[in-house]
Amino acid sequence: MKTIIGIDEAGRGPVIGPMVMAGVSADEKDIEKFKSLGVKDSKLLSPQQRKFLFNEIKKIAKDYKIIIISPKEIDSSLNSKDLNLNWLEAIRAADIINQINSEKAIVDCPSNNINAYTAYLLQRIKNKKIELVVEHKADMKYAVVSAASILAKVTRDNEIKKIQDKITQPIGSGYPSDPITKEFIKNNYMNYPGIFRKTWASYKRLAGSKKQKHLLDF
Numbered sequence: 003m004k005t006i007i008g009i010d011e012a013g014r015g016p017v018i019g020p021m022v023m024a025g026v027s028a029d030e031k032d033i034e035k036f037k038s039l040g041v042k043d044s045k046l047l048s049p050q051q052r053k054f055l056f057n058e059i060k061k062i063a064k065d066y067k068i069i070i071i072s073p074k075e076i077d078s079s080l081n082s083k084d085l086n087l088n089w090l091e092a093i094r095a096a097d098i099i100n101q102i103n104s105e106k107a108i109v110d111c112p113s114n115n116i117n118a119y120t121a122y123l124l125q126r127i128k129n130k131k132i133e134l135v136v137e138h139k140a141d142m143k144y145a146v147v148s149a150a151s152i153l154a155k156v157t158r159d160n161e162i163k164k165i166q167d168k169i170t171q172p173i174g175s176g177y178p179s180d181p182i183t184k185e186f187i188k189n190n191y192m193n194y195p196g197i198f199r200k201t202w203a204s205y206k207r208l209a210g211s212k213k214q215k216h217l218l219d220f
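Residues are numbered in this note's numbering as their position in the sequence shown, beginning at 1, plus a constant of 2.
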């Protein structure tokens, strides 16, 4: 009986908070149980559905792994000559695959260049005999990847809630397009340094415009 692991991320785009990667493994026969539970891409589910499925997935899974990647680690990767966000994802995906024993891995690909991403990922996987499937929108095609997307999304939401609980002002969703998040960054770019991805253009723009206003005040 083949064991398959699915890997996906949540929180790739936000300017606030971590990115979360998750891997879920299951025997082939148990993947149907995910489908019958209603497991699908986390973006197609309500927060309540995701929370319910989060616990049910862990009961069915043979194994699972969740990695929280801090804004600091993301910024370090983007400031590095050798790394970018895609390569950081690949490194963390390989970490998950190396920690969970399986014959097959299905990975949701963030890169436009699937071949380059697959090659980079393979270099870092210890089991060279593993069957590797790397596809765009794998979270919509494969239930085991959908399961991983749910674990990642619920964990990311929980991390955002932890941040919000420590701050009196609303931070919004953390996405650059969110007006509440924009306003929060404008007023707090110097505060709470650990929560911001400072390499994001949206952060630099909002922080920069605020700094210019301060200079004009003198």
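Where is the CB? At the ideal position from N, CA and C, for every residue including glycine.
With three or more CB-CB distances shorter than 8 Å, the stretch 156-170 counts as touching the stretch 17-35. Per DSSP, Tyr177 is not a residue of any alpha helix (DSSP H), being assigned neither H nor E. Between Pro16 and the set Pro112, Glu91 and Tyr205, the nearest pair of CA atoms involves Tyr205. Using a C-beta cut-off of 8 Å, the stretch 99-107 makes contact with the stretch 4-12, since at least three inter-stretch Cβ pairs fall below that distance.
Burial state of Asp84 is exposed, judged by a 10 Å Cβ sphere holding fewer than 16 other Cβ atoms.
CA-CA distance, Val135 to Glu91, rounds to 15 Å. Pro49 and Met142 have their C-alpha atoms some 17 Å from each other.
Residue pairing from DSSP places Ala28 in a beta bridge opposite Ile6. Gly25 sits buried, since 16 or more C-beta atoms from the chains shown fall within 10 Å of its C-beta.
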